[in-house]
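Asker: Under the numbering used here, the first residue of the sequence shown carries the number 1, and numbering increases by one thereafter.
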Amino acid sequence: MEQCCQKNDSLYDFIYLDKVRINTLLSQLSNDGITSELKKSFVDSEADHGAAGLDISLFSLNKDKLRTFEDRLEKSIDTSWILPMVLLNEINDYIKRNPESPMSGDLVLISGEMLLLDFPTLKKNLSLLKHMIKQNNKNKIERDTSLGMKLLDMLPSTIQLRMKEKNNKYWTTLEPDFFTINSEDLSLKYGSILSGDWHILAYVDFTPNKEQSLNKYISYFEEETESTLMHQSVIDVFVSNMDSLRSITGCNDEEYALSPIMIFKSVR
1 MEQCCQKNDS LYDFIYLDKV RINTLLSQLS NDGITSELKK SFVDSEADHG AAGLDISLFS
61 LNKDKLRTFE DRLEKSIDTS WILPMVLLNE INDYIKRNPE SPMSGDLVLI SGEMLLLDFP
121 TLKKNLSLLK HMIKQNNKNK IERDTSLGMK LLDMLPSTIQ LRMKEKNNKY WTTLEPDFFT
181 INSEDLSLKY GSILSGDWHI LAYVDFTPNK EQSLNKYISY FEEETESTLM HQSVIDVFVS
241 NMDSLRSITG CNDEEYALSP IMIFKSVR
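#1: Under the DSSP definition of a beta bridge, which residues are partnered with Phe179?
#2: Assign Val273 to one of two classes, buried (16 or more other C-beta atoms within 10 Å of its C-beta) or exposed (fewer than that).
#3: What are the residues that DSSP puts in a beta bridge with His199?
#4: Whole angstroms are fine: how far does the CA of Glu184 sit from the CA of Asp118?
#5: Counting only the same chain and skipping the five closest in sequence on each side, list residues whose C-beta sits under 8 Å from that of Leu152.
#6: May I ask whether a heavy atom of the ligand PLP can be found less than 7 Å away from the beta carbon of Leu11?
#7: Going by beta-carbon coordinates alone, are Phe206 and Ser104 separated by less than 8 Å?
#8: Cutting at 6 Å between CB atoms, please list the residues of its own chain near Leu201, excluding the five before and the five after it.
#9: What number of angstroms, rounded off, separates the C-alpha of Tyr256 from the C-alpha of Lys164?
#10: Among Asn89, Leu116, Leu128, which one has its Cα closest to the Cα of Glu175?
#11: Using the C-alpha atoms, what's the distance from Phe238 back to Lys265?
#12: Starting from Gln232 and walking both ways along the alpha helix (DSSP H), at which residues does that stretch end?
#13: Tell whether a beta-carbon distance below 8 Å holds between Thr180 and Tyr16.
#14: Could you check the C-alpha separation between Ala52 and Val267 for me, to the nearest Å?
#15: Could you give the distance in angstroms between the alpha-carbon of Leu26 and the alpha-carbon of Ser233?
#16: To the nearest angstrom, how far is it from the Cα of Gly191 to the Cα of Thr172?
#17: With a threshold of 7 Å on Cβ separation, who are the neighbours of Val204 within its own chain once the five nearest residues in sequence on each side are excluded?
#18: Please report how far the alpha carbon of Thr249 lies from the alpha carbon of Pro156, in whole angstroms.
#19: Strictly by DSSP, which residues pair up with Asp118?
In structure tokens, the structure reads:
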């Protein structure tokens, strides 16, 4: 892990890239913005003093003068493909690797096995799974699994990722459009556990609830009027229910919530 992204001769397989965040970070590192294209020009020159028996005076004012013919070749290079590696090299000093107690806003690089919960793929195949359950003769297993299927059908259709490193647990959602490959391919290839040494570069958004920050909204309004009491009741219901929903279907109180920038692994 310490050597990740520091070897110039290393190759990486990027499976997830948030290009907006990558470009935003890179734009802050240069006053000139982001280089989107490079052009290289090549010149192939040829000299001609005239062939034997040919009067070149018609083509040149001075038959002894050297004539040069040039072939110009211009090559355009799309730099967007190297931006992830450029970013990793440029922000190396900002990255916190294996942090013991990351804080909100930290830029971290964590690694290990990943738990991928691809709910859209699972929910898309619920009918197939239900049919398989019906073929099972064990009634108790069938009842328990059927209940689990009903719960799955009610969960948000998000792709969630979890990783445990040292004593820290991390959680995030993944945007389907940011995958460089089809997310279903990962689920069908690995299942839920993506084994190997995966690396996630991300911002830390949420830290485990050592302090209950939501308490400040319990009494949001200073004056108790009919209007403020009505608004406060709406806030109380929304806050309590959304916090419960988060704990059940999203990031729980023991996990750090991340905003991933890229996910990759080393190629050997």
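Where a beta carbon is used, it is the ideal one built from N, C-alpha and C, also for glycine. Keep in mind it's a predicted model, so treat the numbers as computed, not measured.
Answerer: Inspection of the coordinates gives the following:
#1: The residue labelled residue 179 in the question sits at position 179 within the sequence shown. DSSP output for Phe179 lists Tyr16 as bridge partner(s).
#2: An answer regarding residue 273 cannot be provided, because it is not within the stretch 1 to 268 covered by the chain.
#3: Taking the sequence shown and counting its residues from 1, one reaches residue 199 at position 199. His199 is bridged to Ser111, Phe264.
#4: For the purposes of this step, residue 118 is identified with residue 118 of the sequence shown, where counting begins at 1. For the purposes of this step, residue 184 is identified with residue 184 of the sequence shown, where counting begins at 1. Approximately 8 Å, taken between the alpha carbons.
#5: Locating residue 152 in the sequence shown gives position 152, where the first residue counts as 1. If we look at Leu152 and ignore the five residues flanking it on each side, its Cβ neighbours are Phe119, Leu122, Lys123, Leu126.
#6: The ligand content of the structure shown is nil, which means the ligand PLP is not present either.
#7: Within the sequence shown, numbered from 1, the residue matching residue 206 stands at position 206. Within the sequence shown, numbered from 1, the residue matching residue 104 stands at position 104. Against a cut-off of 8 Å, the Cβ pair of Ser104 and Phe206 comes out as a contact.
#8: Translated into the one-based positions of the sequence shown, residue 201 becomes position 201. Closer than 6 Å at Cβ, skipping near neighbours: Leu109, Ile261, Met262.
#9: The count along the sequence shown starts at 1 and reaches residue 256 at position 256. The count along the sequence shown starts at 1 and reaches residue 164 at position 164. Looking at the two C-alpha atoms, the distance is approximately 10 Å.
#10: For the purposes of this step, residue 175 is identified with residue 175 of the sequence shown, where counting begins at 1. Ranking Asn89, Leu116, Leu128 by Cα distance to Glu175 puts Leu116 first.
#11: In the sequence shown, the residue the question calls residue 265 occupies position 265. In the sequence shown, the residue the question calls residue 238 occupies position 238. Approximately 40 Å, taken between the alpha carbons.
#12: In the sequence shown, residue 232 corresponds to position 232, counting from 1. 226-249 is the span of the alpha helix (DSSP H), which, as asked, contains Gln232.
#13: As a first step, residue 180 must be located in the sequence shown, where it is residue number 180. As a first step, residue 16 must be located in the sequence shown, where it is residue number 16. In this structure, Tyr16 lies closer than 8 Å to Thr180 by Cβ.
#14: By 1-based counting over the sequence shown, the position of residue 52 is 52. By 1-based counting over the sequence shown, the position of residue 267 is 267. For Ala52, the predicted structure reports a pLDDT of 48, less than 50, and the residue's modelled location is therefore unreliable. A value from the coordinates is still provided. The straight-line gap from Cα to Cα measures roughly 59 Å.
#15: Here residue 26 refers to the residue found at position 26 when the sequence shown is read from its first residue. Here residue 233 refers to the residue found at position 233 when the sequence shown is read from its first residue. In a straight line, the C-alpha of Leu26 is about 44 Å away from that of Ser233.
#16: On the sequence shown, residue 191 is found 191 positions in, with the first residue counted as 1. On the sequence shown, residue 172 is found 172 positions in, with the first residue counted as 1. Distance between the alpha carbons of Gly191 and Thr172 is about 18 Å.
#17: The sequence position of residue 204 within the sequence shown is 204, counting from 1. Pro102, Met103, Ser104, Gly105, Asp106, Val108, Tyr256, Leu258.
#18: In the sequence shown, counting from the first residue as 1, residue 249 sits at position 249. In the sequence shown, counting from the first residue as 1, residue 156 sits at position 156. So the alpha carbons of these two residues sit roughly 8 Å apart.
#19: Taking the first residue of the sequence shown as 1, we reach residue 118 at position 118. Answer by DSSP bridge pairing, in chain order: Ile159.
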